[in-house]
Every structure is written in C-alpha cells, then in structure tokens.
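In full-length UniProt numbering, the protein residues as written are 1 to 97.
Yeah, the Cβ is synthetic: ideal placement off N, Cα and C, and Gly gets one too.
Below is one structure, written out as structure tokens, with a few remarks after it.
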C-alpha cells in the first residue's frame, strides 16, 4: 500500500469512528474518538486494518499534542464579504456627506 492509499484508508477509518459516535448520540470530541478507535482496533479481524487503526490513533494523538490544530470550519451564514468588513461599517449617526 503506497503512502497516499494508506493516508486515505486512515482518513476513512477516522470517518468511520466519527460516524459511529454520531450514531451513538454521545459526546464527539478527541477523547471519544480515541476510545472509539481503540474499540475498533480490538474488534478488527484483519491485521492490516488493526495496523491502520493504530496509525490513525497515532495521528490523532500527535495532532492533540501539537495543540489539536484542526482546519477551521467555514460558517456560510457568517463568512461572507460583509463579515470581513464589519469593522468598517459606520453607525447611522456618523454621516460622511
């Protein structure tokens, strides 16, 4: 398995774990994700899958140690041109004409 296929498989495993957490309706955080991945690793029958889950766990732990830097989620309702220039808006009492 080459590096890009391995990374894709790891991403899919993390997605599976996150989806399982959503289905359970419990907490969704790094700790819950680690617990879920540990459960998946213990119940995996395939040695290759167990290895990929261990790599996913290592990746998550490394991310947590680095400060948990995750990509910023874009909020469509607030992330628009107006929000970028909100500090430039003038109040109705300050006329410039």
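The three-state secondary structure of residue 18, taken from DSSP, is helix.
Taken atom to atom, the span from the alpha-carbon of residue 27 to that of residue 2 is near 34 Å. Across the structure, residue 44 and residue 22 are spaced so that their CA atoms are roughly 20 Å apart.
The continuous alpha helix (DSSP H) containing residue 38 extends over residues 30 to 43. Counting C-beta atoms within 10 angstroms of its own C-beta, residue 17 has 16 or more neighbours from the protein chains shown and is therefore classed as buried.
The C-beta of residue 8 has fewer than 16 other C-beta atoms within 10 Å across all chains shown, which makes the residue exposed. Residue 56 sits in a helix when the DSSP states are folded into three classes.
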